[in-house]
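Start counting the sequence shown at 1; every next residue gets the next number (full-length UniProt numbering). Please read the structure below before turning to the comments.
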Amino acid sequence: MNLIPFLLFAFVASITPGPTNILILTNSQHHGVKATLPALVSACAAASAIVLISGAGAGELLHQYPLVRQGMSWAGVLWLSWMSWQLFCAPAANLSGNTHTRFTARAAALLQVINPKTWMMALAVVSLFAPAGAHVLRDVALMALWFLLISVACLLCWAWLGKAVNRLFRTTAAMVRFQRLMALCLFISAWAGMLA
Numbered sequence: 001m002n003l004i005p006f007l008l009f010a011f012v013a014s015i016t017p018g019p020t021n022i023l024i025l026t027n028s029q030h031h032g033v034k035a036t037l038p039a040l041v042s043a044c045a046a047a048s049a050i051v052l053i054s055g056a057g058a059g060e061l062l063h064q065y066p067l068v069r070q071g072m073s074w075a076g077v078l079w080l081s082w083m084s085w086q087l088f089c090a091p092a093a094n095l096s097g098n099t100h101t102r103f104t105a106r107a108a109a110l111l112q113v114i115n116p117k118t119w120m121m122a123l124a125v126v127s128l129f130a131p132a133g134a135h136v137l138r139d140v141a142l143m144a145l146w147f148l149l150i151s152v153a154c155l156l157c158w159a160w161l162g163k164a165v166n167r168l169f170r171t172t173a174a175m176v177r178f179q180r181l182m183a184l185c186l187f188i189s190a191w192a193g194m195l196a
């Protein structure tokens with residue numbers, strides 16, 4: 001395995017906007033970076049586990065049974081559409097207080113299981129970078145570990161951005177506009193994977 005191209009791929013896959021990134025940003029905006037860490041670590045661990053599982057053979061199973069993959073994708077899109085609607089409709093009072101629903105560690109992990117972006121990324125990692133040889137499982141486990149470290153660093157950037165949002169948008173009206181923009185980004189990122 002050529003490590004530099006893999007690390008670059010892992011960085012781009014982790015830093016680019018997607019449902020998890022947007023939800024980490026929003027959660028950090030409302031509850032702070034420290035309170036967002038469990039969801040952040042859980043999402044990264046789940047995505048890394050999917051890389052490992054895909055490399056161990058589940059990726060081939062998804063290629064053989066496209067209806068299973070399609071069903072998972074539709075479930076993810078519908079759930080993310082509902083979450084984006086909730087985010088879009090959040091009243092202004094919820095934006096300044098701690099009554100906003102948290103993005104929990106459990107929800108973050110489950111999101112990776114139904115998120116089409118995560119599975120496409122894992123399948124791409126395995127098909128492009130998985131080595132062939134005597135120690136394939138060990139090498140795939142190392143890829144998953146590298147992916148975990150890079151994705152944690154990238155999602156920390158999104159969490160810090162969420163904290164900075166509160167300094168940038170000081171009025172309730174500005175916060176509502178930002179919240180609605182994030183809801184639209186979440187909706188678009190969910191559907192972009194299905195329509196691609």
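Ideal Cβ placement from N, Cα and C applies to all residues, glycine included. All values reported here derive from a predicted model rather than from experimental measurement.
CA-to-CA, the gap between L123 and T20 works out to about 18 Å. Below 8 Å, enough C-beta pairs join the segment 24 to 38 and the segment 160 to 180 to call them touching: three or more. For S48, the enclosing alpha helix (DSSP H) stretches over residues 33 to 53.
Note on T172: under 16 other CB atoms within 10 angstroms of its CB, so exposed under the neighbour-count rule. Contiguous alpha helix (DSSP H) elements confined to the segment 140 to 196 occur at 172 to 195, taking only those with 4 or more residues. Of the residues assessed, H135 falls on the exposed side of the cut-off, its CB having fewer than 16 other CB atoms within 10 angstroms. No Cβ-Cβ contact shorter than 8 Å links S42 with L155. Between L87 and M175, the C-beta spacing is not below 8 Å.
Taking a contact as a CB-CB distance under 8 Å, the pair A39 and A108 counts as one, their CB atoms being some 4 Å apart. The three-state secondary structure of H30, taken from DSSP, is helix. Taking every protein chain shown into account, the CB of C89 has fewer than 16 other CB atoms within 10 angstroms, so this residue is exposed. By the criterion of a C-beta distance shorter than 6 Å, G55 is surrounded in its chain by V126, A130, V140, once the five residues flanking it on both sides are discounted.
In the DSSP assignment, A56 falls outside any alpha helix (DSSP H) and carries neither an H nor an E. Here W119 is buried. Its C-beta has 16 or more other C-beta atoms within 10 Å.
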